[in-house]
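Notes to accompany the following structure.
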Amino acid sequence: PFLENVIKDDTFRSGQAHTKLIDTKPELLKFKAKRDRATKLLSYLSDITVNGNATAKGWKPEKPILNPRVPQPEIKEFKGSRDILLEKGPDEFVKWILAEKRLLITDTSMRDAHQSLIATRMRTVDMLRIADAYAEGLPDLFSLEMWGGATFDTAMRFLKEDPWDRLRRLREKVPGILFQMLFRGSNAVGYSNYPDNVVAGFVKHSADAGMDIFRIFDSLNYLPNMQVAMEAVRDHGKALCEAAICYTGDILDPKRDKFSLKYYVQKAKELEKMGAHILAIKDMAGLCKPQAAYNLVAALKQEIGIPIHFHTHDTSGLNAASVIAAARAGVDIADLAIASLSGSTSQPNLNSVSAALANSDRDPGLNADTLNEVSDYWEEVLAQYKPFDSAPRAGTAEVYEHEMPGGQYTNLREQANAMGLGHRWREIARTYADVNQLFGDIVKVTPSSKVVGDMAMFLITRSIKAADVPKLKPGSIDWPESVIDMLAGGLGQPDGGWPADVQKVVLGNKPSTTQRPGDLAEAVDLEATRAQVAKKIGRQVDDDDLYSHLMYPAVFAEFVDFRKKYDDLSGLATPAFFYGMHVGEEVEMEIDPGKTLFVKLVSIGDADADGKRTLFYELNGMPRESVVVDKS
Ligand code: 3PY
Ligand code: ZN
Numbered sequence: 041p042f043l044e045n046v047i048k049d050d051t052f053r054s055g056q057a058h059t060k061l062i063d064t065k066p067e068l069l070k071f072k073a074k075r076d077r078a079t080k081l082l083s084y085l086s087d088i089t090v091n092g093n094a095t096a097k098g099w100k101p102e103k104p105i106l107n108p109r110v111p112q113p114e115i116k117e118f119k120g121s122r123d124i125l126l127e128k129g130p131d132e133f134v135k136w137i138l139a140e141k142r143l144l145i146t147d148t149s150m151r152d153a154h155q156s157l158i159a160t161r162m163r164t165v166d167m168l169r170i171a172d173a174y175a176e177g178l179p180d181l182f183s184l185e186m187w188g189g190a191t192f193d194t195a196m197r198f199l200k201e202d203p204w205d206r207l208r209r210l211r212e213k214v215p216g217i218l219f220q221m222l223f224r225g226s227n228a229v230g231y232s233n234y235p236d237n238v239v240a241g242f243v244k245h246s247a248d249a250g251m252d253i254f255r256i257f258d259s260l261n262y263l264p265n266m267q268v269a270m271e272a273v274r275d276h277g278k279a280l281c282e283a284a285i286c287y288t289g290d291i292l293d294p295k296r297d298k299f300s301l302k303y304y305v306q307k308a309k310e311l312e313k314m315g316a317h318i319l320a321i322k323d324m325a326g327l328c329k330p331q332a333a334y335n336l337v338a339a340l341k342q343e344i345g346i347p348i349h350f351h352t353h354d355t356s357g358l359n360a361a362s363v364i365a366a367a368r369a370g371v372d373i374a375d376l377a378i379a380s381l382s383g384s385t386s387q388p389n390l391n392s393v394s395a396a397l398a399n400s401d402r403d404p405g406l407n408a409d410t411l412n413e414v415s416d417y418w419e420e421v422l423a424q425y426k427p428f429d430s431a432p433r434a435g436t437a438e439v440y441e442h443e444m445p446g447g448q449y450t451n452l453r454e455q456a457n458a459m460g461l462g463h464r465w466r467e468i469a470r471t472y473a474d475v476n477q478l479f480g481d482i483v484k485v486t487p488s489s490k491v492v493g494d495m496a497m498f499l500i501t502r503s504i505k506a507a508d509v510p511k512l513k514p515g516s517i518d519w520p521e522s523v524i525d526m527l528a529g530g531l532g533q534p535d536g537g538w539p540a541d542v543q544k545v546v547l548g549n550k551p552s553t554t555q556r557p558g559d560l561a562e563a564v565d566l567e568a569t570r571a572q573v574a575k576k577i578g579r580q581v582d583d584d585d586l587y588s589h590l591m592y593p594a595v596f597a598e599f600v601d602f603r604k605k606y607d608d609l610s611g612l613a614t615p616a617f618f619y620g621m622h623v624g625e626e627v628e629m630e631i632d633p634g635k636t637l638f639v640k641l642v643s644i645g646d647a648d649a650d651g652k653r654t655l656f657y658e659l660n661g662m663p664r665e666s667v668v669v670d671k672s
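Everything in the sequence shown is counted per the numbering used here, starting at 41 for the first residue and increasing by one.
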């Protein structure tokens, strides 16, 4: 190919070429880069094919899985929500929402649905393939939740993808529908507190990269932790600040009076005062029963003037009823997941709720055929993630006891299985509830939910009863780091503070604070950090890299190493990425727009004396070999 490039080159053909031709025409060397990418791709495929993939738990489909069929829905002419936001600006856009009669719908398929069903493993390629169908066939969706929460971490950690790349590429394909992300307040997209300038910088950079709506929450409903992020969104000028109250307990239960209707109304009023454009009711565990949803929305509609966005999970099996009750009470926007990615620990069913509301005054107006076609696509996609799919098949009322967020449930269950404690799940769930009471009955959502989970597993494995913890000698046990940090005030303050006796037992003589953690965290010198990271990874560090590093330094470093070894594999079909190839199978990977590598695995040679195997491929029709050490 190099010679071909040279022979075709005009300078060469004009007879004026000299030995410096390559220096003046570096594009002639492009073929080398492509050849390197192909070599790296083959070496990755060979390794996964021969040695399996630990993150996929060794699972391999019995036969090759074909690419999912991509729907080509009827094109619907509609002025998209994002076009309206860009035209009107945030403040006028809020009035537009309030004036809409439709129940506006957010589709969570690309974020919370897969976070809650398949441990956040969905890859960008599966989102990009369906992006046109959304842009053309469902332009009347209010928003797509497609970023934030756990996606930032898992993209780099497990999928070896750049989360920023996902945002930018989807943005390009879907310019008309609002994009929405979940943002953990001062914990940004991580699990602990970040300095204020990192939080604000992350928000600004995400908004510049194309994010429109920031759903900001705090894992203890400690509002001071939300301020910096909320202000950063407002200061950006083009984005929407959606502030969330996290719903826990049961407002219908008079005995559960810590989290009463009054409690939520008061928090909502404060968030409105703090500058929220939209209020979210974030029912992360799916505890908001239909009548509670009705009462809560009806009360909030009386008490605040900004639009209300309802988020719930279907863990109990009946939360579509909560969405419909919220719609009746006048909620402006609701989160739902496309049928095949809905239910169980995910959101209620978008297709069914939409159909149920058709011909009512809250008809979302979406095209039912298109929704079904899109659901068929996601169903085929979901089948490719089988080893990660551990969501319960049916609803369970157990959720009212343990109150675990949808995204945590599958993770904790997996963790329990991995520790050989799968058969003690009921006990784990009960201990989780007991730990919540031990901590004074708190909001449980990332990261506070993780701390409760860590403590529950810690107690189970040591056969300590939660109720006995206050009686233990202070400082006598090495408690999990996350528990110490939370009770020391590292995540902020719950309403009513931490129970003094538990705090004493866990902290011993370690210090604690009631100050906002952000006030105690020193600002990061962003430029110095950039220079350090650049030196470490041996290349320039742009803002995408900088914020990836600031969120997850170790994960980012591993991600950079992976990329050096294998380059960008985000365009590779999902089955090949996770499970390798079957002999005879053909896969493709787009490396540049319009440039695709076609790879066919022809045969796998026997292992030699050193355990090395040669795999024989056809790459764009040409024979290629790749050698890998068989570690099995
Ligand atoms: C997250 O923070 O990732 C959540 O989904 C919380 O519900
Ligand atoms: Zn959720």
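Don't be surprised by glycine CBs; every beta carbon is placed ideally from N, CA and C.
#### Entry: residue 170 (DSSP reduced to helix, strand or coil)
Residue state, collapsed to three classes: helix.
#### Entry: contact_flag[the segment 383-403, the segment 335-355] where n(CB pairs < 8 Å) is 3 or more
Between the segment 383-403 and the segment 335-355, the count of C-beta pairs closer than 8 Å reaches three or more; the two stretches touch.
### Message
From the DSSP secondary-structure annotation, give me the bridge partner or partners of residue 281.
### Response
DSSP output for residue 281 lists 254 as bridge partner(s).
### Query
Alpha carbon to alpha carbon, what distance is there between residue 328 and residue 311?
Taking the straight line from one Cα to the other gives about 20 Å.
### Message
Let's test the definition: count the other Cβ atoms within 10 Å of the Cβ of residue 490 and tell me whether it reaches 16, buried, or not, exposed.
### Response
With 16 or more other Cβ atoms within 10 Å, it is buried.
### Message
Tell me the DSSP secondary structure of residue 119 in three-state form.
### Response
For residue 119, the secondary structure class from DSSP, reduced to helix, strand or coil, is coil.
### Query
So, helix, strand or coil for residue 389, using DSSP?
When secondary structure is reduced to three states using DSSP, residue 389 falls in the strand class.
### Message
When you measure from the CB of residue 688 to every non-hydrogen atom of the ligand ZN, does any distance come out below 7 Å?
### Response
With the chain represented from 41 up to 672, any question about residue 688 goes unanswered, as that position is not in the structure.
### Inter-residue Cα distance where the pair is residue 87 and residue 628
Looking at the two C-alpha atoms, the distance is approximately 17 Å.
### Task
Just the C-alpha distance for residue 481 and residue 194, rounded to the nearest angstrom, thanks.
Within the model, the alpha-carbon separation for residue 481 versus residue 194 is close to 29 Å.
### Message
Classify residue 617: buried if its beta carbon has 16 or more other beta carbons within 10 angstroms, exposed otherwise.
### Response
That one is buried.
### Sufficient close CB pairs (3 or more, under 8 Å) joining the segment 296-305 to the segment 265-277
With contact defined as three or more Cβ pairs closer than 8 Å, the segment 296-305 and the segment 265-277 are not in contact.
### Message
Residues in the same chain with beta-carbon distance under 7 Å from residue 424, minus the five sequence neighbours each way, listed in chain order, please.
### Response
For residue 424, where only same-chain residues beyond five positions count, the Cβ hits under 7 Å are 105, 614 and 615.
#### Entry: Cβ contact (3+ pairs, closer than 8 Å) linking the segment 175-182 and the segment 98-117
Judged by Cβ distances under 8 Å, the segment 175-182 makes contact with the segment 98-117, as three or more pairs qualify.
### Message
With distance defined between alpha-carbon atoms, name the residue in 232, 93 and 318 nearest to residue 488.
### Response
Ranked by how close their Cα comes to the Cα of residue 488, the residues 232, 93 and 318 have 232 in first place.
### Task
Identify the continuous alpha helix (DSSP H) that holds residue 209 and give its terminal residues.
Counting along the chain, residue 209 sits inside the alpha helix (DSSP H) bounded by residues 203-213.
### Message
At the level of alpha carbons, what is the spacing between residue 41 and residue 664?
### Response
With a pLDDT of 43 at residue 41, under the threshold of 50, the predicted position of this residue should be treated as unreliable, though the coordinate-derived value follows. The straight-line gap from Cα to Cα measures roughly 15 Å.
### Supposed contact pair residue 492 and residue 542 - C-beta distance, whole angstroms, cut 8 Å
At roughly 12 Å, the Cβ-Cβ gap does not stay under 8 Å, so residue 542 and residue 492 are not in contact.
### Query
What do you get for residue 553, buried or exposed, if any count of 16 or more other CB atoms within 10 angstroms of its CB means buried?
Classified as exposed, residue 553 has fewer than 16 neighbouring CB atoms from the shown chains inside 10 Å of its CB.
### Query
Can the beta-carbon of residue 624 be found less than 8 Å from the beta-carbon of residue 641?
Against a cut-off of 8 Å, the Cβ pair of residue 641 and residue 624 comes out as a contact.
### 8 Å Cβ cutoff met for residue 257 and residue 224
Going by C-beta atoms, residue 257 is nearer than 8 Å to residue 224.
### Task
Pick helix, strand or coil for residue 140, following the three-state DSSP scheme.
In this structure, residue 140 counts as coil in the three-state DSSP scheme.
### Task
Report, in whole angstroms, the separation of the C-beta atoms of residue 202 and residue 376, which I expect to be a contact under 8 Å.
Actually they are not in contact, since the Cβ atoms of residue 202 and residue 376 sit about 28 Å apart, beyond 8 Å.
### Query
Where does residue 195 sit, in a helix, a strand or coil, going by DSSP?
If DSSP states are grouped into helix, strand and coil, residue 195 belongs with the helices.
### Message
Please classify residue 398 as buried or exposed, where buried requires at least 16 neighbouring CB atoms within 10 angstroms.
### Response
Note on residue 398: under 16 other CB atoms within 10 angstroms of its CB, so exposed under the neighbour-count rule.
### Limits of the unbroken beta strand (DSSP E) element including residue 629
Counting along the chain, the beta strand (DSSP E) containing residue 629 begins and ends at 626-632.
### Task
With a threshold of 16 other CB atoms inside 10 Å of the CB of residue 588, please say whether the residue is buried or exposed.
A residue is called buried when at least 16 other Cβ atoms come within 10 angstroms of its Cβ; residue 588 meets this threshold and is buried.
### Task
Report yes if the C-beta distance between residue 291 and residue 319 is below 8 Å; otherwise report no.
Between residue 291 and residue 319, the C-beta spacing is not below 8 Å.
### Task
Per DSSP, which residues does residue 653 bridge with? Please list them.
According to DSSP, residue 653 bridges with 668.
### Task
Specify the secondary structure class of residue 596 as computed by DSSP and reduced to three states.
Correct three-state label for residue 596: helix.
### Message
For the ligand 3PY, I want to know if residue 324 counts as a neighbour, meaning its beta carbon is within less than 7 Å of at least one of the ligand's heavy atoms.
### Response
Yes, the beta carbon of residue 324 sits closer than 7 Å to at least one heavy atom of the ligand 3PY.
### Task
Check each candidate in 215, 227, 230 and 461 and name the one with the smallest Cα separation from residue 252.
Considering only alpha carbons, the answer is 215.
### Query
Just checking, does the segment 119-138 make contact with the segment 435-449 on the three C-beta pairs under 8 Å criterion?
No, the segment 119-138 is not in contact with the segment 435-449.
### Query
At which residue ranges does the segment 284-309 contain complete beta strand (DSSP E) runs of 3 or more residues, listed in the order of the chain?
At a cut-off of 3 residues, not a single continuous stretch assigned as beta strand (DSSP E) sits fully inside the segment 284-309.
### Query
Residues in its own chain within less than 8 Å of residue 599 by CB, not counting five upstream and five downstream?
So the qualifying residues of the chain are 196, 197, 200, 202 and 588.
### Query
In its own chain, which residues sit with a C-beta less than 6 Å from the C-beta of residue 652, not counting the 5 before and 5 after it?
By the criterion of a C-beta distance shorter than 6 Å, residue 652 is surrounded in its chain by 667 and 669, once the five residues flanking it on both sides are discounted.
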